[in-house]
Amino acid sequence: MTSLDLSLHLEIPFREIEQHLEHIKHSEGKRLIVRPAECRDCGFVFKTRKRLNCPGRCPECRGHRIKGPLFELFS
């Protein structure tokens, strides 16, 4: 799920979803799997990015067409 999908599903404002994901990431008994963001122009994958929000532009091609990270939550 994307951040927008999660905010709609959980009825949490989109701007607050990153804070909730950070909390879940550090909670015991929960596992958050993050599939990293990817540039749609050159295919660069943001593997080492620690922040959970979508990056503004690609460091390789400087493009702005970024596919945001996807999240999976397991109990």
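For the working numbering, add 7 to where a residue sits in the sequence shown, where the first one is 1.
For glycine and all other residues, C-beta sits at the position ideal for the given N, C-alpha and C.
- Secondary structure of residue 21 (DSSP, three-state): helix.
- By the criterion of a C-beta distance shorter than 6 angstroms, residue 65 is surrounded in its chain by 46, 51, once the five residues flanking it on both sides are discounted.
- Here residue 75 has 9, 10, 44, 61 as same chain residues with Cβ atoms under 7 angstroms from its own Cβ, once five neighbours each way along the sequence are excluded.
- Membership of residue 42 in the beta strand (DSSP E) is indicated by the continuous run 38–42.
- The C-beta distance from residue 59 to residue 17 rounds to 15 angstroms, too long to fall under 8 angstroms, and the pair is not in contact.
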